[in-house]
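See below for the structure under consideration.
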Amino acid sequence: MFAQQQNFSLEKGSCVVFKQHVYAFGFKSNSFVIYKLRSNLQLIDSIYYGLDKTKTADYLSIDCDTMHETLNFHLQKKDKQNVTLLRFDQKFKLVNEFKNIEVTKLDPFATFDHQKFVYKKFVYAVKTAIDTTGKQYYLSKYELQNSNDKAFDYKFKWQFNFEKKHIKNVKVFYADSLKVLAFVHVKEGERKGQWVLKINAITGLIIKAKKISSNANLNYRYGDHFVDAVSKNIFVLGQLTNGEQLSSASPTLFILQFDSMLSLNAQKLIIQRITPANPKAKGPSGFVFQINGVKKRSPDNYDYQIDFYKNNSIDYKYANTCVQHFSFEDDAIVTEPVVIKEFPEIENYFFTTDKKDLNGKIFADTSRSTDRLFYNEPVFKVKQVFKLNSDEMPVWILKKTDIKTETINYSTLKPGLKIYELRSLSTNQKNEDPGILFFGKSEYVLFYTKNGNILHLEIGNW
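Written out as structure tokens, the structure reads:
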């Protein structure tokens, strides 16, 4: 199965994908080491960053992110409140190093109840504040500055104040150099309903606000979007619910089409009828769904994936994924009916009687907004990737985290000779820090630490 493998002598090793390259990193002697590889694991370059004489065992696991289109590595010693940040650009050049940063100051947007959207060197942060009129919502724009003194030195650009009262949720879902798009839910008052806002990215002034819900008893729950760079069409997809209802035996999908001026020109509602795996079950289960991977496959034709979550009393448990299509023809959204069936093999894979198990579960955030149920990922994500094979049959790579045995398993679920077959790719101890990266339509790189000091990488196809 594995076309190629690589082993690096690294402690606390891990990998990340950035700009279609694999970066393997970890500690070696008294250095922090990074290897840059192609997706076929061919070594391109490496960097050694000298450290003090602190033992590797005295470091925590290395955190890495790709915020602002740079590679940011966080090195922190145990029982210490300071961290070293190393920042590399797209050419694998060390552009900044910051030592002894207080952990609490590492992310200036981490301490408030807000959501953020990052576009290149800009951050759009939705913050809340409490005053005598209630909770207020603000959208602030910040620009990252080139600084040798502060790891994240942001300059405030502007602030947009939403409706003074009655905001239930704000989701910034798109930004470019000219505009910012936000999905806003107003829960009461004259403006009750769901709105899409277009805000000037330079000035912070509103360009247009479009209400999408005419029936006060219906809620449009944002799921995903696609902005077509050619036609300038904006598509917003999500789940339509009856009032505060979350799950339904036949949940309804909505697709909205806006033009570049934010005029709502077309709308399509699609009932998702789900055939139970057990026809003798006592009544249908309730489902919510999340949408992801909206892609343009040809002019005016689009694909998207729907992850279905079954009502599990206090939470919602991952149950299935399907691919659906729509096209935009003659100013109308056209879809094809899809047969959706429950897939018991998925639930059997991570089934447990432990009610505290979090594999594949999402929760309604009643303290903030239940709208976030429809786009926040599970605590432990089971579905890693999904596709249809050449015979239009579904194929998965799944992940299961077992808290009791402290193991992590990756497996494929795909058609066999007669039935669907589950095949394990790897089962590792949690302290081996296993992970998986994906390239193209069918390639992956699986990695984990062997014997505490060997970072092992291997290529596979699914």
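Per our numbering, the sequence shown starts with residue 1073, numbered consecutively. Beta carbons: idealized from backbone N, C-alpha and C, even for Gly.
Close Cβ partners of residue i (< 6 Å) along its chain, the five nearest in sequence each way excluded
{"i": "I1306", "result": "V1299 and F1330"}
{"i": "L1309", "result": "G1295, D1296, I1327 and I1363"}
{"i": "D1443", "result": "N1241, H1257 and R1293"}
{"i": "F1090", "result": "T1138 and L1143"}
{"i": "N1079", "result": "I1526 and H1528"}
{"i": "K1229", "result": "K1213 and E1215"}
{"i": "K1282", "result": "V1268, L1334 and L1336"}
{"i": "K1368", "result": "Y1374"}
{"i": "K1522", "result": "H1528"}
Pair within 8 Å by beta-carbon distance, residue i and residue j
{"i": "G1507", "j": "C1087", "result": "yes"}
{"i": "Y1381", "j": "Y1374", "result": "no"}
{"i": "K1476", "j": "N1431", "result": "no"}
{"i": "K1413", "j": "T1347", "result": "yes"}
{"i": "F1361", "j": "I1378", "result": "yes"}
{"i": "L1494", "j": "L1485", "result": "yes"}
{"i": "K1236", "j": "Q1208", "result": "yes"}
{"i": "R1345", "j": "S1320", "result": "no"}
{"i": "A1338", "j": "I1405", "result": "yes"}
{"i": "E1169", "j": "Q1153", "result": "no"}
{"i": "I1134", "j": "F1097", "result": "yes"}
{"i": "V1454", "j": "W1534", "result": "no"}
{"i": "F1359", "j": "N1383", "result": "yes"}
{"i": "L1509", "j": "V1094", "result": "yes"}
{"i": "L1132", "j": "F1145", "result": "no"}
{"i": "G1276", "j": "F1232", "result": "yes"}
Cβ-Cβ separation, residue j to residue i (assumed contact under 8 Å), whole Å
{"i": "F1160", "j": "T1142", "result": "6 Å"}
{"i": "K1177", "j": "T1156", "result": "Going by Cβ atoms, the distance from K1177 to T1156 rounds to 13 Å, so no, they are not a contact pair."}
{"i": "K1149", "j": "D1130", "result": "6 Å"}
{"i": "F1511", "j": "S1111", "result": "4 Å"}
{"i": "D1505", "j": "Y1520", "result": "6 Å"}
{"i": "Q1317", "j": "K1243", "result": "Not a contact, Cβ separation roughly 20 Å."}
Three-way DSSP call (helix, strand, coil) for residue i in this model
{"i": "Y1447", "result": "coil"}
{"i": "N1503", "result": "helix"}
{"i": "H1257", "result": "strand"}
{"i": "T1138", "result": "coil"}
{"i": "K1177", "result": "helix"}
{"i": "A1281", "result": "strand"}
{"i": "T1275", "result": "coil"}
{"i": "D1248", "result": "coil"}
{"i": "T1126", "result": "coil"}
{"i": "N1420", "result": "helix"}
{"i": "T1200", "result": "strand"}
{"i": "T1442", "result": "helix"}
{"i": "I1491", "result": "coil"}
{"i": "D1300", "result": "coil"}
{"i": "T1205", "result": "coil"}
{"i": "E1414", "result": "coil"}
{"i": "S1332", "result": "coil"}
Residue i burial status per 10 Å Cβ neighbour count (16 or more: buried)
{"i": "Q1162", "result": "exposed"}
{"i": "N1500", "result": "buried"}
{"i": "K1304", "result": "exposed"}
{"i": "Q1311", "result": "buried"}
{"i": "F1245", "result": "buried"}
{"i": "Y1120", "result": "exposed"}
{"i": "G1488", "result": "exposed"}
{"i": "P1351", "result": "exposed"}
{"i": "M1073", "result": "Confidence in M1073 is poor, its pLDDT being 44 and thus under 50, which makes the residue's placement too unreliable to answer from."}
{"i": "T1371", "result": "Residue 1371 is actually Pro in this sequence, not Thr. It counts as exposed."}
{"i": "H1397", "result": "exposed"}
{"i": "F1458", "result": "buried"}
{"i": "A1391", "result": "buried"}
{"i": "T1204", "result": "exposed"}
{"i": "L1109", "result": "buried"}
{"i": "G1532", "result": "buried"}
{"i": "K1433", "result": "buried"}
{"i": "P1450", "result": "buried"}
{"i": "T1424", "result": "exposed"}
{"i": "G1085", "result": "buried"}
{"i": "S1483", "result": "buried"}
{"i": "K1270", "result": "buried"}
{"i": "L1115", "result": "exposed"}
{"i": "S1357", "result": "buried"}
Contacts around residue i, its chain only, beta-carbon distance under 8 Å, and the 5 residues preceding and following it disregarded
{"i": "D1437", "result": "R1444, L1445 and N1448"}
{"i": "E1478", "result": "Q1501, K1502 and N1503"}
{"i": "A1247", "result": "F1189, Y1191, F1194, Y1196, L1253 and A1273"}
7 Å Cβ shell around residue i - same chain, five flanking residues per side excluded
{"i": "K1125", "result": "N1102"}
{"i": "N1218", "result": "none"}
{"i": "K1227", "result": "Y1214, E1215 and Q1217"}
{"i": "V1395", "result": "D1375, Q1377 and L1460"}
Within-8 Å CB hit, residue i to chain D
{"i": "T1126", "result": "You won't find chain D in this structure, because it holds only one protein chain."}
Residue i: CB within 7 Å of a non-hydrogen atom of the ligand ZN
{"i": "S1439", "result": "Looking at this structure, you won't find the ligand ZN or any other ligand, since it has none at all."}
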